[in-house]
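Number of protein chains: 4
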Amino acid sequence: MKNLRIGMIGAGSMGREHIRRINTELRFATVTKFYDAFPLEPEAYYGALLAESEDALIQDAEIDAIMICSPDATHKDLVCKCLNAQKPVFCEKPLALTAKACMEIMQMENALGKKLVQVGFMRRYDPGYQKMRELLALENYLNNILLIHSKHRGGMGGKVPTSKPIGGPGNTNKLSFIDQTKLGVTNGPIHDVDICRYLIGDDQDRYASARITFPRSSKYASSSANPCFITLKTEKGIVVTIESFGSFHTSYDIQCEVVCEDGIINLPSYPQPRIRRDMMDGHEIPTNWFLRFNDAYDREIQHWIDSVHSGELDGPCALDAYYACCATDAIIRSIDSGMEETIFYDDIPPLYT
Amino acid sequence: MKNLRIGMIGAGSMGREHIRRINTELRFATVTKFYDAFPLEPEAYYGALLAESEDALIQDAEIDAIMICSPDATHKDLVCKCLNAQKPVFCEKPLALTAKACMEIMQMENALGKKLVQVGFMRRYDPGYQKMRELLALENYLNNILLIHSKHRGGMGGKVPTSKPIGGPGNTNKLSFIDQTKLGVTNGPIHDVDICRYLIGDDQDRYASARITFPRSSKYASSSANPCFITLKTEKGIVVTIESFGSFHTSYDIQCEVVCEDGIINLPSYPQPRIRRDMMDGHEIPTNWFLRFNDAYDREIQHWIDSVHSGELDGPCALDAYYACCATDAIIRSIDSGMEETIFYDDIPPLYT
Amino acid sequence: MKNLRIGMIGAGSMGREHIRRINTELRFATVTKFYDAFPLEPEAYYGALLAESEDALIQDAEIDAIMICSPDATHKDLVCKCLNAQKPVFCEKPLALTAKACMEIMQMENALGKKLVQVGFMRRYDPGYQKMRELLALENYLNNILLIHSKHRGGMGGKVPTSKPIGGPGNTNKLSFIDQTKLGVTNGPIHDVDICRYLIGDDQDRYASARITFPRSSKYASSSANPCFITLKTEKGIVVTIESFGSFHTSYDIQCEVVCEDGIINLPSYPQPRIRRDMMDGHEIPTNWFLRFNDAYDREIQHWIDSVHSGELDGPCALDAYYACCATDAIIRSIDSGMEETIFYDDIPPLYT
Amino acid sequence: MKNLRIGMIGAGSMGREHIRRINTELRFATVTKFYDAFPLEPEAYYGALLAESEDALIQDAEIDAIMICSPDATHKDLVCKCLNAQKPVFCEKPLALTAKACMEIMQMENALGKKLVQVGFMRRYDPGYQKMRELLALENYLNNILLIHSKHRGGMGGKVPTSKPIGGPGNTNKLSFIDQTKLGVTNGPIHDVDICRYLIGDDQDRYASARITFPRSSKYASSSANPCFITLKTEKGIVVTIESFGSFHTSYDIQCEVVCEDGIINLPSYPQPRIRRDMMDGHEIPTNWFLRFNDAYDREIQHWIDSVHSGELDGPCALDAYYACCATDAIIRSIDSGMEETIFYDDIPPLYT
């Protein structure tokens, strides 16, 4: 099998980490070219070469597929260009900033008659979440889900891209605190919104309403509200809560608890040796998402590569992004209204039904 | 020291358990008499004798102090009778069903010029909660509290008194589903309301607003909504969430997580031997509150006995009950409105300031 | 019930802790007098008064029962004096330094026609060990015990009395390193020897052989070998291992794992709030036995007091001490021989059969 | 890079699992041919074709490297044949049944002037053990190792190949109970012997003595002693204990605890969602080594493939196997003598120094 030739758009810390992953760990693919507006020295890219522009990369006949790791607000237009070029594209979350934009992407795919987009909801590739979903689906075991509590405590880097302004380090076009906070919703909590839908695993049950509230601010908050607390309710009445910190200096701590009629199930801790020392009994916890979800990223990207080879994209898709953005749209409205907001859905294009 | 002679009002499962505790485990006190409208055979009361009536018991010159374990709705009037008789009284929670009723009790104590009431918030005597409070109070350790998540999953007994009708087993005067649900708020979640205030430990920070929502119903729900999910916010912005099941068939599972700027602290699990067997690694969890909080009850009642002997009541008092009921009042209003409700406070009588 | 009047012999850190416990926490008893060769100021003894001598205390008509917390090597003679005075006696472990000496005590009790001795094997009163024994005894659950691993990692005090010379702080009569090490066996590992027999719970199965080996020395070792590792085998073939540190600066860490045909059971951890902070997820562990076994000591001493009142001593007795010393005798012989040593038993006096 | 063409000798459950792994999961290699005396239908081998004989496979010019998963007793001769053919060889543990045989292999490699052998000590590729080794090596953290406790509780399959007779399912040439038990030492505990040396990580400290004892037999024991308990001591005095079950019906449970001067470190549990249900709080544990060490196997075999490509074999080698067999030789002698046995070492060939 010939290696897939990937073009990477956006080669900041996330993009470079994926280039490293693909070019040194995974199989059947190579990132041969990349584009970044502020490139580092050539040695930083594991053999990938700098392209002239995003457009040149997307049009390049020697590039088979595109990965997008650029700032959130650029994702949608870049994905549309890939669809115009009829190239498979892996786009880091969020696929777009609104449900409407996700719908436009779905409609383009529908017009093309095939799915070309995978979205970076990598938690679906974490063995812990996968095992939870499997156990939740067992008949006569835990039975109906009643509540889910998802905790996203976002790591030690003050540089978490929650509120990264568009345009790279040279940019001085700062967003307001409230706009940064809204942008943060589609960056952090969108993971929780998606993974809880994945755990529920019920096509007949969608999020129906959403409400956000803001606790007192952590001293580690900077340009946006930190933390926030979100309550969602599904059409069948499952209550989903999301506690989300854009930055949390203790660790990168991801928790998930699903409360069912006949039991409770929790995401496993990050496995580390237990240490008893200096009057404490405990274990290390990871400080960032690269450590915590390293295996999930490996499995996610390998699965995408393999499915591009096979011609059958079956990872998280534009519809998953659309459902997530319907919820984040309502959460963002709730920032302004202070109220519980209803979640609305349009008709789903036939390709997705 | 002469043993304190206690009169027990209400000797159902809870009252009898306290009689057993005092007459066989604790020191410096004996339950010598009790009143219950539906008494069992005399052997069931560990030597305590049946009184003629509640009033006779309260007036009895050979009774030094009163304990109240009767149905929730009867508490307030009985406490007032004890205050009229100027006898120390230990009242199981809730002290009363409304903040207004708690205020009347405080005003009676204020008129008497001394506190005579202890309220059965036994979680304050659980070593786990006490250690949490101690660690939360350390300077430069965990720092500001941002959120607290309290889980009350209420045990296997379908007979949990959440919705117990007034008047004992013969009663046919059933409350409506909505009234049962409201009554449940002052029975179960009131524990969480109080213990979170205890953990916050800040006299300058009170609950400011409350909202309740109801997930889909558990199949184990019967005469009231089960579970419920409550969100409170304090004046300084701490968000407190309460997940509460009146009945939960898996176990009696109490969890508490406090999220601070510089760390997270959780209530310890109930300590039981770890067992690896039959492809599982785990430990037993208790099925009811008698097991889970047995030590806390012992320490609570002994502390009350000792403080009655010393003349200095310093356990959870009517003011604590008042603060808790200000919150439950708002929660109950939120059942009707479906909205976030503001919490109101009246002036505190001088005895309490 | 009249309070039991207890005379305490040996009021060092352990003795004073027991006086505090009895005079401020427990019921139905008071330590009214004590003897110690090097007493502190009177305020240190919670109201107990200094007696003239050990003998005066034992003979005192106003003393109903004796507790012995003096150095290990003095225990046996003091117990014999109590038996001559026909007074109930609680003796901290070890009852004596050899099986032969324990046998003499049993023979004295046999001649008196009743048991008067309880031995301070307080682990039998720890709820964790009790629950393990209960679960191990269930039919068709864990089934035959095959191995037990007991870990005694002895706390941060370099002043652990493992090798305390006889005669108090003024004493200059130092024991040799090897004699200190032998004395240590009857101080620390004897707990493990006893509690494993308690867990096995089989009168038809006694320890058959013992062997000790010494790993490289911890830098915290001082006047005796630290740590040691002991392997015992019972008559039915259960292998019991004991890892024992006289001093271990990390914590006071007690572990016990019982490996059965159909499962494995472990002593629960000391329950403390779980803390996630500074890249660690863990909980505090205790630094000494007062913390770790505080509840067990309370329950042990209360049980002794209650059983003296009832006239039926049924706590750990001289026979338990004898069985433990038969094993420690062999362990001590193994220090000299470097070999596995057989454990011998004499006939048990009729009082104990 | 051209895929490595691997020939598999012995395609029972372990061999087929490795073929599946290489041909469907890993990169840069394919098992193109295999030999097994009792082959299943062709579909069972993921595209690998049956060779005529072991020798034909080893000599095959279209085979670049050999993997050996045949019965233990055949390993040594097959490895020597590979060395004669100058082909890289991955041999499942044990490399040979005795230290002497391992030495012959080292001498052959020495004569060839290069290492061609990797041995299947896959635990070295488990992230838990790797992290332990890393933490143990930190300066001023845990400091000197004093004891290591390794537990190997060997899974639910009564068909664990601990004592598999040579020659496949048709073989009737049964070994005696004692010979099976000896053969078991080089199959199960050899893992613990090696991984503890890996954790110690000190080239200047080798095992000095060994002793084995047998607890009462589990009802799940069949053709060999089950369990056994081994005590090793290193030249610097570290005591290593190994509890090993050939078959253990509760689970496949691997534990490792390293006790140091300044702390204790334990192998992490197998990460699984925590479940609270039916009065238990726990998580699943794996039933066999394929589940428990799946990732370790993946990483081990991929590392071998990559190092064959690079021409630099640096995985566990014949010297590691030799050191392990020096210990197992002594353990086997101890079965006969019932005594502690000294461990002997010959001169190491220059290639390994």
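Residue numbers (this note's numbering), protein chains in the order written: chain H, 1358 to 1710; chain B, 1358 to 1710; chain A, 1358 to 1710; chain W, 1358 to 1710.
Glycine is no exception: its CB is placed at the ideal position from the N, C-alpha and C atoms.
Quick caveat, the model's predicted, so the values are computed rather than measured.
If you run the structure through DSSP and keep just helix, strand and coil, what is residue i?
i	result
T1529 of chain H	Reliability fails at T1529 of chain H, whose pLDDT of 49 lies under 50, so the model's placement of it is uncertain and no value is given.
S1410 of chain H	coil
K1472 of chain A	coil
P1657 of chain H	Reading the sequence as shown, one finds Glu at residue 1657 of chain H and not Pro. Helix at E1657 of chain H.
G1477 of chain B	coil
M1463 of chain H	helix
D1610 of chain W	strand
M1365 of chain W	strand
K1433 of chain B	helix
T1685 of chain W	helix
What residues from chain A crowd round residue i, counting only those whose CB sits closer than 8 Å?
i	result
Q1416 of chain B	Here the premise fails: no neighbours, minimum Cβ distance about 30 Å.
Can you give me the Cβ contacts of residue i inside the same chain, cut-off strictly under 8 Å, excluding the 5 residues immediately before and after it?
i	result
C1617 of chain W	L1493, L1499, N1500, N1501, I1502 and L1503
G1558 of chain B	R1490, L1493 and A1494
For residue i, which of the options has the nearest alpha-carbon?
i	options	result
A1653 of chain W	W:T1387, W:R1480, W:C1683 and W:I1700	W:R1480
Q1629 of chain B	A:I1692, A:Q1487, A:C1683 and A:A1442	A:Q1487
I1599 of chain A	A:E1491, A:R1633, A:G1545 and A:C1674	A:G1545
G1364 of chain A	A:E1409, A:S1370 and A:M1463	A:E1409
M1424 of chain A	A:E1466, A:P1625, A:K1444 and A:I1505	A:K1444
Y1709 of chain W	W:C1683, W:A1675, W:S1694 and W:T1607	W:A1675
D1610 of chain B	B:G1511, B:F1447, B:C1682 and B:K1472	B:G1511
Q1561 of chain A	A:A1567, A:P1428 and A:I1595	A:I1595
What residues from chain W crowd round residue i, counting only those whose CB sits closer than 9 Å?
i	result
D1742 of chain B	Within the shown structure, residues of chain B are numbered from 1358 to 1710, placing residue 1742 of chain B beyond reach of any answer.
V1744 of chain A	Nothing can be reported for residue 1744 of chain A: it is not among the residues displayed for chain A, which extend from 1358 to 1710.
V1446 of chain A	Result: empty, since nearest Cβ-Cβ is about 37 Å, beyond 9 Å.
Excluding the five sequence neighbours on either side, which residues of its own chain have a C-beta within less than 7 Å of the C-beta of residue i, listed in chain order?
i	result
R1656 of chain B	Y1482
P1584 of chain H	P1572, S1575, E1600, S1601 and F1602
R1690 of chain H	E1698
C1553 of chain A	I1505, S1507 and V1597
K1390 of chain A	G1364, A1405, L1406, A1408, L1414, D1417 and I1420
Y1702 of chain B	R1563 and C1683
V1517 of chain B	Model confidence at V1517 of chain B stands at a pLDDT of 38, short of 50, so the residue's coordinates are unreliable; what they give is reported in the following sentence. Excluding residues within five positions, the ones whose Cβ falls inside 7 Å are G1511, G1603 and S1604.
P1526 of chain B	In this predicted model, P1526 of chain B has a pLDDT of only 47, less than 50, meaning its place in the structure is not dependable enough to derive any value.
Using a C-beta to C-beta distance shorter than 8 Å, which residues of chain B count as neighbours of residue i?
i	result
T1313 of chain H	For chain H, the structure presents residues 1358 to 1710; residue 1313 of chain H sits outside this window and is missing.
Could you list which residues in chain C have their beta carbon closer than 7 Å to that of residue i, in chain order?
i	result
T1387 of chain A	No chain C appears in the structure shown, which is made up of the protein chains H, B, A and W.
What does residue i touch in chain W if you count any residue whose Cβ is under 7 Å from its own?
i	result
G1620 of chain A	T1607
Considering only residues of the same chain and omitting the five flanking positions on each side of residue i, which have a CB-CB separation below 6 Å?
i	result
T1543 of chain H	P1451, L1454 and T1685
K1457 of chain B	none
E1398 of chain A	none
Y1555 of chain B	R1481
Please list the partners that residue i has in chain A, where partner means a Cβ-to-Cβ separation under 9 Å.
i	result
L1499 of chain B	I1632 and R1634
### Message
By the 9 Å beta-carbon criterion, what residues does the segment 1624-1640 of chain A contribute toward chain H?
### Response
Residues passing the 9 Å Cβ filter: S1626, Y1627, Q1629, R1631, I1632, R1633, R1634, D1635, M1636, M1637, D1638, G1639 and H1640.
### Residues within the segment 1584-1595 of chain W neighbouring chain A, beta-carbon criterion of under 8 Å
Listed by position along the chain: P1584, F1586, T1588, K1590, K1593, G1594 and I1595.
### Short-range partners of chain H found in the segment 1558-1578 of chain B, where Cβ spacing is below 9 Å
Of all residues in the segment 1558-1578 of chain B, only R1568, T1570, F1571, P1572, R1573, S1574, S1575, K1576 and Y1577 come within less than 9 Å of chain H when Cβ atoms are compared, listed by chain position.
### Query
Any residues in the segment 1368-1395 of chain A with a beta carbon nearer than 7 Å to a beta carbon of chain B? Which ones, in chain order?
Within the segment 1368-1395 of chain A, the residues whose Cβ lies closer than 7 Å to some Cβ of chain B are R1384, listed in chain order.
### Message
Along the segment 1665-1682 of chain A, where does the CB come closer than 8 Å to a CB of chain W? Name the residues.
### Response
Those would be none; no residue qualifies.
#### Entry: Contact list for the segment 1483-1497 of chain W against chain H, Cβ threshold 8 Å
Listed in sequence order: P1484, G1485, K1488, M1489 and L1492.
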